[in-house]
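Asker: Quick one: the structure is below, questions incoming.
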Amino acid sequence: MATAEEHGFGPMFLTAQESGVESMIIGINPLAAASEKGRTDRTLPALGKASMENAVPLPKAAYPGKTVIFMGEDQSWETGHVSAGQLVMYVSNTVGDLQNGKLYAVKRKDNNQVETDIVKGQSYDVEFVEIPNAKNLTGAQINTTVNDLKAIRFSRVEDIDYRKGSAQNNREVYFTATGQSPDKINPQPGYTMWGRVYRVVLDNADPTKGKIEVIAEGDTNPGNDLINPDNLCVTENYVYIQEDGDSYYTAAKHDSYIWQYNIANKTYKPFLNMDHKRDDATWVSRFYQNTERRFGCWEFGAMVDISSVIGVPNTFLLNIHPHTWQKDKFVNPDGGGSTNKEGGQTVILTNVPR
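Every letter in the sequence shown is one number past the one before it in the numbering used here, and letter 173, counting from 1, is 196.
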């Protein structure tokens with residue numbers, strides 16, 4: 024949600040279509056009149072085409088006079104898309120202009136595209152290289168172009184967030200690479216299997232320059248450490264990493280966690296877990312309508328700081344997606360034709376360190 028107060032434009036809800044290489048970002052005015060419903064002209068072609076998870080604008084303080092928006096491409100190698108997952112950035116030199124800016128993809132300055140050649144504990148120089156004429160390219164053409172430009176090929180970029188606080192903080196961008204495995208046992212060479220979280224520190228004056236590093240790594244202690252990080256919530260002092268362990272790797276040793284990464288000391292630890300009550304017959308009858316019982320069969324979704332909204336410090340919303348909770352009454356809730364019948368919940372967390 025972009026707002027004039029925080030981002031310099033809006034209100035505008037930026038939502039991503041994750042339905043194939045030709046998917047686009049859509050900008051919706053949440054305060055629009057009822058007559059606006061059903062419009063089909065709210066797509067934002069200048070932000071590119073890809074199977075994108077989200078679009079995250081930086082605060083206006085990060086780069087005064089500009090609008091900078093980050094997008095993550097949730098793409099995996101087996102789809103045949105040569106670029107795999109991408110971290111993409113849109114930049115306009117006019118605040119709030121979402122039609123005439125330029126689109127960029129992140130690459131290492133040494134042109135190394137291999138994700139696993141980025142080693143935890145080291146920092147690498149990166150630049151965001153322009154995708155020429157992106158507004159008029161198809162998603163397939165963008166996919167080929169970013170690979171030709173030697174952009175880094177990540178294993179499914181699923182979420183992005185920026186550090187809160189000062190303008191300097193706002194130029195720290197964090198994103199997940201959820202990971203993938205062809206057989207759920209072995210990694211795909213060159214890509215993270217268990218997942219990673221990256222930090223990009225942008226140049227103070229030029230958002231197309233920066234450094235990248237891995238801050239959390241699942242592949243060094245498989246099944247015990249990070250498992251398929253999906254969503255992120257970044258505060259001033261912490262990064263909350265929400266796992267989506269439903270890839271069901273056979274070596275997984277724990278259910279989905281929320282990890283708390285301490286930005287100051289660069290360490291992370293499990294912060295929150297869900298009690299699945301697999302041995303409670305009453306609980307199972309209510310929340311296990313299928314036969315799935317493996318670690319990670321429930322996932323954490325979005326986590327949002329609502330402290331300033333409700334006036335209660337350290338208060339967050341959290342979405343929970345228990346894949347095993349399936350009922351016919353959950354089918355097609357919005358009339359869009361979905362056949363998915365999984366339930367979910369939104370809960371409130373209090374006393375969360377920020």
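Glycine residues also receive a C-beta, built at the ideal position from the N, C-alpha and C atoms.
Because the structure is a prediction, the values reported are computed rather than measured.
Report yes if the CB atom of N77 is closer than 7 Å to the CB atom of A39, and no otherwise.
Answerer: Cβ atoms of N77 and A39: closer than 7 Å.
Asker: Could you tell me the alpha carbon to alpha carbon distance between G124 and L160, rounded to whole angstroms?
Answerer: Cα to Cα, G124 sits roughly 14 Å from L160.
Asker: For M326 and Y284, which I take to be in contact (beta-carbon distance under 8 Å), what is that distance rounded to the nearest angstrom?
Answerer: The pair is not a contact, with the Cβ atoms about 13 Å apart (cut-off 8 Å).
Asker: Are at least three pairs of beta-carbons, each pair with one atom in the stretch 132-146 and one in the stretch 222-237, less than 8 Å apart?
Answerer: Result yes; three or more Cβ-Cβ pairs closer than 8 Å.
Asker: In the DSSP assignment, the beta strand (DSSP E) including I92 goes from what residue to what residue?
Answerer: T90 to E96 is the span of the beta strand (DSSP E), which, as asked, contains I92.
Asker: Quick check on DSSP: helix, strand or coil for N166?
Answerer: Reduced to three states, the DSSP call for N166 is helix.
Asker: Could you check which residue in N296, F323, T347 and K289 has the C-alpha nearest to that of T314?
Answerer: Of the candidates N296, F323, T347 and K289, the one whose C-alpha sits nearest the C-alpha of T314 is T347.
Asker: Return the first residue and the last residue of the beta strand (DSSP E) that N342 is part of.
Answerer: Here the beta strand (DSSP E) through N342 covers F339 to P345.
Asker: Nearest CA to the CA of I208: which residue from K187, V196, G360 and D242?
Answerer: Checked all of K187, V196, G360 and D242; the closest Cα to I208 is D242.
Asker: Note down the Cα distance separating V152 from A200, rounded to an integer number of angstroms.
Answerer: Going by the C-alpha atoms only, they are around 20 Å apart.
Asker: From the DSSP output, in three-state form, read off T139 for me.
Answerer: Three-state result, T139: helix.
Asker: Do you know offhand how far S106's Cα is from A228's?
Answerer: In a straight line, the C-alpha of S106 is about 28 Å away from that of A228.
Asker: Are the CB atoms of A274 and G246 within a distance shorter than 7 Å?
Answerer: Their beta carbons are under 7 Å apart, which means G246 touches A274 by this criterion.
Asker: With a Cβ-Cβ cutoff of 7 Å, do F310 and S279 count as a contact?
Answerer: No, the pair does not count as a contact, with Cβ atoms beyond the cut-off.
Asker: Taking all protein chains shown into account, do 16 or more other C-beta atoms lie within 10 angstroms of the C-beta of Y221, making it buried, or fewer, making it exposed?
Answerer: The residue in question, Y221, is buried, as its Cβ has 16 or more Cβ neighbours within 10 Å.
Asker: Among D357, V370 and F353, which one has its Cα closest to the Cα of K364?
Answerer: Here the closest residue by C-alpha is F353.
Asker: So, at 6 Å on beta carbons, what are the nonlocal neighbours of G33 in its own chain, with the 5 sequence-adjacent residues on each side left out?
Answerer: Excluding sequence neighbours, G33 sits near A25, T26 and A27.
Asker: Please determine, among V307, N355 and E240, the residue with the shortest C-alpha to C-alpha distance to K292.
Answerer: Nearest of V307, N355 and E240 to K292, Cα basis: E240.
Asker: Would a C-beta distance cut-off of 7 Å place E45 and G162 closer than the cut-off?
Answerer: Closer than 7 Å, so yes.
Asker: Please report the straight-line C-alpha distance between P68 and I48, rounded to a whole angstrom.
Answerer: Those two C-alpha atoms are separated by around 7 Å.
Asker: Give the DSSP-derived three-state secondary structure of Q109 in the structure shown.
Answerer: Three-state DSSP puts Q109 in coil, outside helix and strand.
Asker: In the DSSP assignment, find the alpha helix (DSSP H) that holds T26 and state where it starts and stops.
Answerer: Careful: T26 lies outside any alpha helix (DSSP H) and carries neither H nor E.
Asker: Ordered along the chain, which non-local residues of its own chain (more than five positions away) have a Cβ less than 6 Å from that of S115?
Answerer: If we look at S115 and ignore the five residues flanking it on each side, its Cβ neighbours are T90 and G124.
Asker: Buried or exposed for Y271, going by 16 or more other Cβ atoms inside 10 Å?
Answerer: It is exposed - the Cβ of Y271 has fewer than 16 other Cβ atoms within 10 Å.
Asker: Please state the DSSP three-state secondary structure of V262.
Answerer: Three-state DSSP puts V262 in a strand.
Asker: Taking the straight line between their C-alpha atoms, what separation do you get for K350 and S361?
Answerer: Near 13 Å, if we compare the C-alpha coordinates of S361 and K350.
Asker: Going by DSSP, what residues sit across from R131 in a beta bridge?
Answerer: Beta-bridge pairing links R131 to V149.
Asker: With C-beta atoms as the reference, is N296 less than 7 Å away from N337?
Answerer: No; because the gap between Cβ atoms is not below 7 Å, this pair is not in contact.
Asker: R222 lies in the beta strand (DSSP E); which residues open and close that run?
Answerer: From DSSP, the beta strand (DSSP E) with R222 extends over R219 to L225.
Asker: Considering only residues of the same chain and omitting the five flanking positions on each side of N170, which have a CB-CB separation below 8 Å?
Answerer: So the list reads V105, S106, Q136 and R176, once near-sequence residues are dropped.
Asker: Which residue spans inside the stretch 258-317 form an unbroken beta strand (DSSP E) run of at least 3?
Answerer: Complete beta strand (DSSP E) runs here, min 3: 261-266, 280-285 and 290-296.
Asker: Can you check which of these residues, G359, P376 and N342, is closest to G366 by C-alpha distance?
Answerer: When each option's Cα is compared against that of G366, the closest is N342.
Asker: Evaluate Q109 with the Cβ neighbour count: other Cβ atoms within 10 Å of its Cβ, from every protein chain shown; 16 or more gives buried, anything less gives exposed.
Answerer: Label assigned to Q109: buried.
Asker: Roughly how many angstroms separate the alpha carbons of M112 and N355, rounded to a whole number?
Answerer: For M112 and N355, the distance between alpha carbons rounds to 34 Å.
Asker: On the three-state DSSP scale, how would you describe P80?
Answerer: It is a strand residue.
Asker: Going by CA-CA distance only, name the one from Y86, A57, V180 and I333 that's closest to D226.
Answerer: The candidate whose alpha carbon is nearest that of D226 is Y86.
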